[in-house]
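Chemist: Numbering (the working numbering), first residue to last: 2 to 1033.
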């Protein structure tokens, strides 16, 4: 009975399960009618045709009785816990019978759509039987509890054992990562939590069901997380066990960065694309990084918003626009500072606009990896990717190209026990969870919320790259799961690296670019020299709704403090057309590196770059945060004594702004800022970040075997040997008839494999069936929805956009020779899920309406056909491949549930790796499963005597069941999965062809631009190296 009293059968789920029961019953009833309607006239009628309708009607009556007697006060006296239990138990049997009859009917006669509907009814009957089983267990447990205690189990827990969300007595235990700080570093939690068993990660349906109840939006740029919720409690058990900490003094600053270990002719030159989403303050550190990478011989392209084209190119870097409007994005963030948007934003359609913006940026980020320069037309194919996390495309582009990816960011984005996520506000609600565990959980919840809003957009885009869908359980914390290297560009003098971060995570110091040349105009010179040293007040790229009111607040605060101020107009145009006077000077664009040397203190929004620049120049800093990580940096500065507590923008007034300025002018604040500046001046953040990037590269896999200073782009297999070739080497060898292109394949320097991890056979089977059912229902709806989409009217806006796109492609020759997966054409409608915008082609020689009619007919037929094909594809793949494979993987991992170990046979990427993995898994399953019957009791007896031996017997029997079953079933499922992956790779070739074509074009371009003399040198070096190494 212990299993039925576990958290899996908590009565708090009852209302949600009732909704599922009603929904499934109604849907099966409708499908039963559809099955009869689609039955061919020549096929005789029998009772199996109406079993779905009759059973649905019967269940409908049962459910109506249960809902009415539970929810309507007038009829509650007619309710009975025992009746609920009996009725749900009967339904378990009834729906199992529906499943049997449905599959029997399909096996007897399977014809067209009628057959497909029968299969769907059978699958849904299985799920409905499982749901009713859960309801039956809950009902019997409630009945037993009522007989014992006089109250049902659900009512008792609601009254005595469970806090409600949003309770008025909620206690906030962590207002910010910087509370109670004396040393300027985040709080160090030292409590030990003991040994915890490995817990199964929450499945998707549970996360989605509880996420909204667990979190609540705020207006200060963060979200409230209820620590008493069941979801948070389960996630806390996934946090790694905290090890005892040795009391060691944290280094106040980093030692000088090591020199790049490879210099001169042996250094490798890479094509690096840096993808950045954000404001100018987010882009500027990466400009400094790109400049330093160029000094090491790399070719650097910075892909960001089009507004920063000149800024990037003036720094000597290549530029690629990824679309998106940073000003619009900033305005949206100011209105909706947290992760959850306001209702006004939802009603105004802003969410859909932002999702479209993200979709555009995803496609452009992929283009930035393989498309030629938009200005010069020079070919480019990335060998490595550097990105900030909000660009979202990084890991997926790297997976498509099989190249390394490195994340760099200005705020914490990796789970740690030492401080909570900067966007999270943790609330106790009576929870006994330790602060360190709560901190760790906050990162997962924020990632889950982000993925819930954008996961479908990202997966739809992944399909255009020929990549598979990422399951909900893997998408949120993908970077941590894959061990992607991360470099955080903040000063360890402010926030030291947490002790629980792995070696692939670095804290290197702030990024500062070289001092730009700047000559102030006469008015600014006169203002600086005509009085006391002013303070700086500015909010950069923040877009404010009412700049006039903020300007008035600034004027009054400056007047109250008796100081002078330089006010940056910024994107909000503070000051409007007002002229400067003796006390306030309104300034346009000016580099902070120069300006902050001319002022006494700085007041700004708390962007990481602006904060770093102010502290480097030893200026006391007051921060008025708007959203994101800005409150985090405000608390960090305050903890270091270099500024007052941050003032949220919505709380800003003339009095607290004046108080903040007065604090910054105190000797104590100046002294603290000077000490921080001294530590920061020794850090050399950009150089250390470059060293971190190089240290995490798989250089041995990236280097050309013939020209070691060049990156390998191709793999040649000849005479049993594998040779890595650069673009130049391959072009020269082919031109000299040493090798043929048919023997050369695209090189994969860093393949990325994303696995759908399974935890146990039950949840694995349910998850697989759910995925299959969703695919079947979606495909069935596509049969009707896609033709409707194809015939919808063409709007004038779409016509202009299509015309503009056509003219652009005609005028840009570089777009004509290649079609990348990110670009779609008219026929793509049949390959997409329903609901996406269908493109419309325009032709100058014909009218839009005529062409739309003709194109719509073709697109409708193709769309409907793709729905039918998708239905049978989802059914065959789901039932014959995914379900058995999921169960075998669940069996393999099941020992982890009771503290055991699970052997990892390796990733299954093709038929060969699938066969190898099957053999390994079978061998280990048989040996460990059978051997465990003897060894587990012995191990248990040595550890805990007779009780341990008895427990070992049970574990041995479980191991034999799970491991032997996994090994036996895996002999079929793993090779089958591998064969599917190989077949998919043969069909999904658009992305691979685009990459191959782009690399070949770049190789030809490099050789042609090398010059005659350089070409001869290359030819001699390559041919001699190839022949001397006996590659022939």
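Here a beta-carbon is modelled for each residue, glycine too, at the ideal position from N, C-alpha and C.
Secondary structure at residue 1019, three-state DSSP: helix, strand or coil?
Modeler: What you label residue 1019 is simply residue 1018 of the chain shown in a count that begins at 1. Residue state, collapsed to three classes: helix.
Chemist: Out of 479, 26, 78, state which residue places its alpha-carbon closest to the alpha-carbon of residue 132.
Modeler: Along the chain shown, read from residue 1 onward, the residue named residue 132 stands at position 131. Closest option to residue 132, Cα to Cα, is 26.
Chemist: Can you name the start and end residues of the alpha helix (DSSP H) that residue 412 belongs to?
Modeler: In the chain shown, residue 412 corresponds to position 411, counting from 1. No alpha helix (DSSP H) contains residue 412, which DSSP labels as neither H nor E.
Chemist: Straight-line CA distance for residue 1051 to residue 88?
Modeler: Since the first and last residues shown for the chain are 2 and 1033, residue 1051 lies out of range.
Chemist: Using the Cα positions of residue 362 and residue 304, report the straight-line distance between them to the nearest angstrom.
Modeler: Here the question's residue 362 lines up with position 361 in the chain shown. Here the question's residue 304 lines up with position 303 in the chain shown. When rounded, the distance between both Cα atoms is 10 angstroms.
Chemist: Residue 896 and residue 970: beta carbons closer than 8 angstroms?
Modeler: In the chain shown, residue 896 corresponds to position 895, counting from 1. In the chain shown, residue 970 corresponds to position 969, counting from 1. No; because the gap between Cβ atoms is not below 8 angstroms, this pair is not in contact.
Chemist: Between the beta-carbon of residue 278 and the beta-carbon of residue 360, is there less than 8 angstroms?
Modeler: Counted from its first residue, the chain shown places residue 278 at position 277. Counted from its first residue, the chain shown places residue 360 at position 359. No, these two residues do not count as a Cβ contact at 8 angstroms.
Chemist: Within the continuous beta strand (DSSP E) that includes residue 272, where are the two ends?
Modeler: Residue 272 sits at position 271 when you count from the first residue of the chain shown. Note, residue 272: beta strand (DSSP E), 272-276.
Chemist: When burial is assigned at 16 or more other CB atoms within 10 Å of the CB, is residue 681 buried or exposed?
Modeler: Your numbering for residue 681 matches position 680 in the chain shown. Burial call: buried.
Chemist: Once DSSP output is grouped into helix, strand and coil, what is the label at residue 529?
Modeler: Within the chain shown, residue 529 is the residue found at index 528, counting from 1. DSSP places residue 529 in helix when its eight states are reduced to three.
Chemist: Have a look at residue 1 and residue 928 and give me their C-alpha separation to the nearest angstrom.
Modeler: What is shown of the chain runs 2 to 1033, which leaves residue 1 out entirely.
Chemist: Taking just the CA atoms, how far does residue 617 sit from residue 679?
Modeler: The sequence position of residue 679 within the chain shown is 678, counting from 1. The sequence position of residue 617 within the chain shown is 616, counting from 1. Answer to the nearest angstrom: the Cα atoms are 8 angstroms apart.
Chemist: Going by beta carbon distance, what residues of the same chain come within less than 7 angstroms of residue 28, once the five residues before and after it are set aside?
Modeler: Residue 28 sits at position 27 when you count from the first residue of the chain shown. These residues qualify, in order along the chain: 125.
Chemist: Am I right that residue 671 and residue 642 are in contact with their C-beta atoms under 8 angstroms? What's the rounded C-beta distance?
Modeler: Walking along the chain shown from the start, residue 671 turns up at place 670. Walking along the chain shown from the start, residue 642 turns up at place 641. That pair is no contact at about 10 angstroms.
Chemist: Helix, strand or coil for residue 407? Go by DSSP, reduced to three states.
Modeler: Here residue 407 refers to the residue found at position 406 of the chain shown. The answer is strand: DSSP assigns residue 407 an E or B state.
Chemist: With distance defined between alpha-carbon atoms, name the residue in 602, 926, 1028, 916 nearest to residue 973.
Modeler: As a first step, residue 973 must be located in the chain shown, where it is residue number 972. When each option's Cα is compared against that of residue 973, the closest is 916.
Chemist: Which residues in the same chain have their Cβ closer than 7 angstroms to the Cβ of residue 659, if we skip the five residues on either side of it in sequence?
Modeler: For the purposes of this step, residue 659 is taken as the residue at position 658 of the chain shown. These residues qualify, in order along the chain: 558, 561, 562.
Chemist: Taking 8 angstroms as the cut-off, decide whether the C-beta atoms of residue 82 and residue 22 are in contact.
Modeler: Residue mapping note: residue 82 aligns to position 81 of the chain shown, counting from 1. Residue mapping note: residue 22 aligns to position 21 of the chain shown, counting from 1. No; because the gap between Cβ atoms is not below 8 angstroms, this pair is not in contact.
Chemist: Does residue 990 pass the burial test, meaning 16 or more other C-beta atoms within 10 Å, or should it be called exposed?
Modeler: In the chain shown, residue 990 corresponds to position 989, counting from 1. Per the 10 Å Cβ criterion, exposed.
Chemist: With residue 371 and residue 384 assumed to form a contact (beta carbons below 8 angstroms), what rounded beta-carbon distance in angstroms separates them?
Modeler: By one-based count along the chain shown, residue 371 stands at place 370. By one-based count along the chain shown, residue 384 stands at place 383. Wrong, their Cβ atoms sit about 11 angstroms apart, outside the cutoff.
Chemist: Locate the alpha helix (DSSP H) running through residue 283, then write down its first and last residues.
Modeler: As a position in the chain shown, residue 283 is number 282, starting the count at 1. Residues 281-296.
Chemist: Excluding five sequence neighbours on each side, which residues of the same chain lie with their C-beta closer than 7 angstroms to the C-beta of residue 957?
Modeler: If you number the chain shown from 1, residue 957 lands on position 956. Answer for residue 957: 933, 934, 937, 938, listed in chain order.
Chemist: From the DSSP output, which residues share a beta bridge with residue 595?
Modeler: Walking along the chain shown from the start, residue 595 turns up at place 594. Residue 595 pairs with nothing; no bridge assigned.
Chemist: Can you pull the DSSP bridge partners for residue 747?
Modeler: Taking the chain shown and counting its residues from 1, the one referred to as residue 747 is at position 746. Its beta-bridge partners are 715.
Chemist: Mind reading off the beta-carbon distance from residue 566 to residue 538? Whole number of angstroms is fine, and I expect it under 8 angstroms.
Modeler: Working through the chain shown from its first residue, we reach residue 566 at position 565. Working through the chain shown from its first residue, we reach residue 538 at position 537. Confirmed, about 5 angstroms.
Chemist: Tell whether a beta-carbon distance below 8 angstroms holds between residue 729 and residue 1004.
Modeler: On the chain shown, position 728 is the one that residue 729 refers to. On the chain shown, position 1003 is the one that residue 1004 refers to. Against a cut-off of 8 angstroms, the Cβ pair of residue 1004 and residue 729 comes out as a contact.
Chemist: Can the beta-carbon of residue 711 be found closer than 8 angstroms to that of residue 731?
Modeler: Reading the chain shown from its first residue, position 710 is the one you call residue 711. Reading the chain shown from its first residue, position 730 is the one you call residue 731. Cβ atoms of residue 711 and residue 731: not closer than 8 angstroms.
Chemist: Can you tell me whether residue 605 is helix, strand or coil according to DSSP?
Modeler: Residue numbering aside, residue 605 sits at position 604 when the chain shown is read from its first letter. Three-state DSSP puts residue 605 in a strand.
Chemist: So what does DSSP say about residue 322, is it helix, strand or coil?
Modeler: Walking along the chain shown from the start, residue 322 turns up at place 321. Correct three-state label for residue 322: strand.
Chemist: Per DSSP, which one or two residues make a beta bridge with residue 300?
Modeler: Translated into positions along the chain shown, residue 300 becomes position 299. DSSP lists 272 as partners of residue 300.
Chemist: Determine the closest residue to residue 665 out of 676, 417, 653, 645, with distance taken between C-alpha atoms.
Modeler: Reading the chain shown from its first residue, position 664 is the one you call residue 665. Closest by alpha carbon: 645.
Chemist: What distance in whole Å lies between the Cβ atoms of residue 967 and residue 889, which are believed to be in contact at a cut-off of 8 angstroms?
Modeler: Here residue 889 corresponds to residue number 888 of the chain shown, with the count starting at 1. Here residue 967 corresponds to residue number 966 of the chain shown, with the count starting at 1. Right, the Cβ-Cβ distance comes to about 5 angstroms (below 8 angstroms), so this counts as a contact.
Chemist: Can you give the Cα-Cα distance for residue 406 and residue 395, rounded to whole angstroms?
Modeler: As a first step, residue 406 must be located in the chain shown, where it is residue number 405. As a first step, residue 395 must be located in the chain shown, where it is residue number 394. Looking at the two C-alpha atoms, the distance is approximately 7 angstroms.
Chemist: Closer than 8 angstroms by C-beta to residue 669: which residues in its own chain qualify, once you throw out the five before and the five after it? Chain order, please.
Modeler: Numbered from its first residue, the chain shown carries residue 669 at position 668. So the list reads 642, once near-sequence residues are dropped.
Chemist: Can residue 301 and residue 369 be called in contact, C-beta distance under 8 angstroms?
Modeler: Start at 1 with the first residue of the chain shown, and residue 301 comes out as number 300. Start at 1 with the first residue of the chain shown, and residue 369 comes out as number 368. No, these two residues do not count as a Cβ contact at 8 angstroms.
Chemist: Have a look at residue 705 and residue 1018 and give me their C-alpha separation to the nearest angstrom.
Modeler: In the chain shown, counting from the first residue as 1, residue 705 sits at position 704. In the chain shown, counting from the first residue as 1, residue 1018 sits at position 1017. Looking at the two C-alpha atoms, the distance is approximately 17 angstroms.
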